[in-house]
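Residue numbers (my numbering): 1312 to 1769.
Shown next, in C-alpha cells, is the structure this report addresses.
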Ligand code: NAD
C-alpha cells in the first residue's frame, strides 16, 4: 500500500498552501530541538557514534528545516520570464511537484540523510517514500513521528523498511529518486532511473584530500585535520582520508597531528570524541584495508588497533600508490599523510582520484583560495575540514566525478523535486505575424526587430 497511499495523500498535500507547509516545517524545527535527547539516544543506540557527532545531525536538520521553510515560497511562486515577443508574449514558469519522491538513505547519518532531503521535497508539495538503512530504521521512524506531530498529514511521508529489495521497490515506483550511499549502488540505480526516465540525484563516496600549504600554522592545521579525519569515526562521506603536506611544515604538522590524534577519547559520552564503528562486518573491512596496506609497505604512526568495535584513529605514512587504501574509500578513522615538494604537486595528487566530493585547504586565505579554485571537488573548505561548506545550506553540496549526480542544499536542492511548467500567453497577434501581412514583409520587420533586440534585450 505504500505507494498508492502516498500518491493519494500527495494530491491533497500539493493543494495545501505553501504557507501551511512552511508552518509545519518550522514546528518540526522546534520539535527536533526540544526532543533532541530522544533523537540523540536512538541515533547513538543504532550507530554507536559519540553524543557530539549525534548532535551534529540534530543541528543539521534544524538548519535545513529553517532554511527551506523560509525559502520555499520564493522558489515555488510562478516566475516571470522574458516573453518571445516583448509585450505581446507574457511568459511565466510554474513549479509543480514531481509526485512521490523516493529517498534511499545510508546508516552513517541516519537522521540527517533521511530527513534533510525529505524537507525540501515535502515543502515542494511531494509525498516521500523513505527507505532508511536496515540498521537505522528506529531513527527514521522517530523523525517521521516528529514530522507527524508537527502537522504533516498521514501518509505524506512513508517509511519503507528493508534492504536492497525494499530499495528496489522505491526505484521501481517513485517519480524521482534521491540516493545517498556507495558509488557502486549509485551507479546501478542511475541506470535504472535512466531506464525509467525519472529524475535522479545521488550523493556518493569520497576519498577527500586535505592540503597543508607552506603558509599554514602547522599546529592549527593539525588540530583542524583531526576533526576533518575522525568525526563520526571517519564514517562520513566528506571526511578526509588523504593529507598532502608541504615539506616545509611536514615535520611539525605530523608531530602535532599524531599527538592530537592520540589525545582523542573513544566512547559515546558528551566528553568523548570518537564513537565505535557501525558493525563487526565494517570493522573487518577497515582492519583488513589497513593490514593489507601495512603488508605492502605502509607505516603506522598511531592506531591500527581496536577494542571491540572501537577502532583507534589511525595515521599512516608511506602508503604505496598501488595499495587499495591509497585510492579506495575506507569509510573509517584512517588517514595517510604524504609530503609534497610543491603546491602544484599537492593539487595534482589531490585531483588524482575518481572521486570529487570534498576537499580542505589550510594556509593563508589568499593562497588557499587559489588552490581551492584548482581542485576538482563539489565543496572546498578553507581552514576547516568539511563543516563550513556543508552547513552553508544556501550553497550547493555534492560530488564531481564519481562522487555524485546533482546537488543537495541551495535552491537546486528544492527545485530538483519539481517539474517546471512554462505558460506563455500570446496577445494581439500570433508569433507567425498578422495574417494579412505578406510573409516577406514580416520577415524583414522581424530582421530589424532582431537587430534592435540584440542591443536592447540584454
Ligand atoms: P550502500 O550503497 O550500501 O547503501 C545505501 C542504501 O542503499 C541503504 O539503504 C541500502 O539498503 C540501499 N541499497 C543497497 N543496495 C541497493 C539496491 N541494489 N537497490 C536499492 N537500494 C539499495 O551504502 P552504505 O554502505 O550504507 O553507506 C556508505 C556509503 O555511502 C559510503 O560510500 C559513503 O561515502 C556514502 N555516503 C555518501 C554521502 C554523500 O552525501 N555523498 C553521505 C553518506 C554516505
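Built from N, CA and C at the ideal position, the CB exists for glycine as well.
None of these values were measured; they are calculated from a predicted model.
Exercise. Can you give the Cα-Cα distance for residue 1634 and residue 1575, rounded to whole angstroms?
Worked result: By 1-based counting over the chain shown, the position of residue 1634 is 323. By 1-based counting over the chain shown, the position of residue 1575 is 264. Going from the Cα of residue 1634 to the Cα of residue 1575 covers about 27 Å.
Assuming the contact rule is C-beta atoms closer than 8 Å, residue 1664 and residue 1518 should be a hit. Round their C-beta distance to whole Å, please.
Against the chain shown, residue 1664 aligns to sequence position 353. Against the chain shown, residue 1518 aligns to sequence position 207. That belief holds up - the Cβ atoms of residue 1664 and residue 1518 are roughly 5 Å apart, short of 8 Å.
Do residue 1643 and residue 1544 count as a contact pair if the criterion is CB distance below 8 Å? Sequence index remark: in the chain shown, residue 1544 carries index 233 (1-based). Sequence index remark: in the chain shown, residue 1643 carries index 332 (1-based). Less than 8 Å separates the beta-carbon of residue 1544 from that of residue 1643.
- Taking Cβ positions, are residue 1624 and residue 1608 nearer each other than 8 Å? Residue mapping note: residue 1624 aligns to position 313 of the chain shown, counting from 1. Residue mapping note: residue 1608 aligns to position 297 of the chain shown, counting from 1. No, the Cβ-Cβ distance between residue 1624 and residue 1608 is not below 8 Å.
- Message: Just verifying my parser: in three-state terms, what is the DSSP assignment at residue 1381?
- Response: On the chain shown, position 70 is the one that residue 1381 refers to. In the displayed model, residue 1381 falls within a helix according to three-state DSSP.
ask   = Any heavy atom of ligand 1 within a distance shorter than 7 Å of the CB on residue 1711?
value = As a first step, residue 1711 is located in the chain shown; it is residue number 400 there, counting from the start. Checking the Cβ of residue 1711 against ligand 1 gives no.
Pull up the distance between the alpha-carbon of residue 1535 and that of residue 1572, whole angstroms please. On the chain shown, residue 1535 is found 224 positions in, with the first residue counted as 1. On the chain shown, residue 1572 is found 261 positions in, with the first residue counted as 1. Straight-line Cα distance between these residues: approximately 11 Å.
Whole runs of the alpha helix (DSSP H) within the region 1584 to 1672, excluding any shorter than 4 residues = 1591 to 1606, 1635 to 1638, 1654 to 1662, all fully within the region 1584 to 1672.
Closest Cα partner of residue 1313 within the set 1705, 1616, 1645, 1442: Here residue 1313 refers to the residue found at position 2 of the chain shown. Nearest neighbour of residue 1313 by Cα position, chosen from 1705, 1616, 1645, 1442, turns out to be 1442.
*Can you find a heavy atom of ligand 1 that lies under 7 Å from the Cβ of residue 1479?*
The sequence position of residue 1479 within the chain shown is 168, counting from 1. True, at least one ligand heavy atom lies under 7 Å from that Cβ.
Between 1707, 1765, 1419, which has its C-alpha nearest residue 1688's C-alpha?
Counting from one through the chain shown, the residue named residue 1688 turns up at place 377. Nearest of 1707, 1765, 1419 to residue 1688, Cα basis: 1707.
**Asked** Any contact of the region 1439 to 1458 with the region 1522 to 1536, i.e. 3+ C-beta pairs under 8 Å?
**Response** Result no; under three Cβ-Cβ pairs closer than 8 Å.
| said: Less than 8 Å between the beta carbons of residue 1398 and residue 1321, yes or no? | reply: As a first step, residue 1398 must be located in the chain shown, where it is residue number 87. As a first step, residue 1321 must be located in the chain shown, where it is residue number 10. With contacts defined by Cβ atoms closer than 8 Å, residue 1398 and residue 1321 do not form a contacting pair.
What residues in its chain sit with their C-beta under 7 Å from that of residue 1420, if we drop five residues either side in the sequence?
Position 109 of the chain shown, counted from the start, is the residue given in the question as residue 1420. Excluding residues within five positions, the ones whose Cβ falls inside 7 Å are 1368.
message = Taking the alpha carbon of residue 1730 as the reference point, which residue from 1406, 1317, 1375 has its own alpha carbon closest?
response = In the chain shown, residue 1730 corresponds to position 419, counting from 1. With distances taken between Cα atoms, residue 1730 lies closest to 1406.
Considering only the alpha carbon of each residue, which of 1716, 1766, 1767, 1453 lies closest to residue 1505?
Here residue 1505 refers to the residue found at position 194 when the chain shown is read from its first residue. Selected option, being the one with the closest Cα: 1716.
Practice problem: Would you list the one or two residues that DSSP bridges to residue 1554? | Solution: On the chain shown, position 243 is the one that residue 1554 refers to. Looking at the DSSP assignment, residue 1554 forms a beta bridge with 1521, 1648.
Practice item. Return the chain-ordered list of same chain residues with a C-beta closer than 7 Å to the C-beta of residue 1564, the five sequence neighbours on each side being excluded. Key: The residue you call residue 1564 lines up with position 253 of the chain shown. So the list reads 1523, 1529, 1532, 1533, 1556, once near-sequence residues are dropped.
**Q.** Nearest neighbour of residue 1432, chosen from 1463, 1403, 1456 [CA to CA]
**A.** As a first step, residue 1432 is located in the chain shown; it is residue number 121 there, counting from the start. When each option's Cα is compared against that of residue 1432, the closest is 1463.
### Message
Which residue marks the beginning of the alpha helix (DSSP H) containing residue 1733, and which one marks its end?
### Response
Along the chain shown, read from residue 1 onward, the residue named residue 1733 stands at position 422. Element bounds for residue 1733: not the alpha helix (DSSP H) but the beta strand (DSSP E), 1729 to 1737.
Note to self: Going by DSSP in three states, residue 1397 sits in which element: helix, strand or coil?
What the structure shows: Locating residue 1397 in the chain shown gives position 86, counting from the first residue. Judged by DSSP in its simplified three-state form, residue 1397 adopts coil rather than helix or strand.
Cα separation between residue 1566 and residue 1710? Taking the first residue of the chain shown as 1, we reach residue 1566 at position 255. Taking the first residue of the chain shown as 1, we reach residue 1710 at position 399. Residue 1566 and residue 1710: Cα-Cα distance of roughly 32 Å.
Taking residue 1346 as the reference, give the member of 1579, 1453, 1542 with the closest Cα.
As a working mapping, residue 1346 is identified with position 35 in the chain shown. Of the listed residues, the one whose Cα sits closest to residue 1346 is 1453.
request  = Tell me, to the nearest whole angstrom, how far the beta carbon of residue 1513 is from that of residue 1467; I am working on the premise that it is less than 8 Å.
outcome  = What you label residue 1513 is simply residue 202 of the chain shown in a count that begins at 1. What you label residue 1467 is simply residue 156 of the chain shown in a count that begins at 1. Between residue 1467 and residue 1513 the Cβ distance is about 24 Å, and since that is not below 8 Å, they are no contact.
For residue 1581, does the count of other Cβ atoms within 10 angstroms reach 16, so buried, or fall short, so exposed?
Counted from its first residue, the chain shown places residue 1581 at position 270. Per the 10 Å Cβ criterion, exposed.
Discussion item. Pull the bridge partners of residue 1403 from the DSSP assignment, please.
Written reply: If you number the chain shown from 1, residue 1403 lands on position 92. 1391, 1734, per the DSSP bridge assignment.
Exercise. Residue 1496: beta carbon under 7 Å from a heavy atom of ligand 1?
Worked result: Your numbering for residue 1496 matches position 185 in the chain shown. Proximity of the beta carbon of residue 1496 to ligand 1 is indicated: a heavy atom of the ligand is located closer than 7 Å.
- Message: For a minimum of 4 consecutive residues, which ranges assigned as the alpha helix (DSSP H) are wholly contained in the region 1454 to 1487?
- Response: DSSP runs (the alpha helix (DSSP H)) wholly in the region 1454 to 1487: 1475 to 1484.
Among 1726, 1722, 1724, 1516, whose alpha-carbon lies nearest the alpha-carbon of residue 1638? Locating residue 1638 in the chain shown gives position 327, where the first residue counts as 1. Check the Cα spacing between residue 1638 and each of 1726, 1722, 1724, 1516: the tightest is with 1516.
Quiz item: Exposed or buried, residue 1684, counting other C-beta atoms within 10 Å across all chains shown (16 or more means buried)?
Solution: Within the chain shown, residue 1684 is the residue found at index 373, counting from 1. With fewer than 16 other Cβ atoms within 10 Å, it is exposed.
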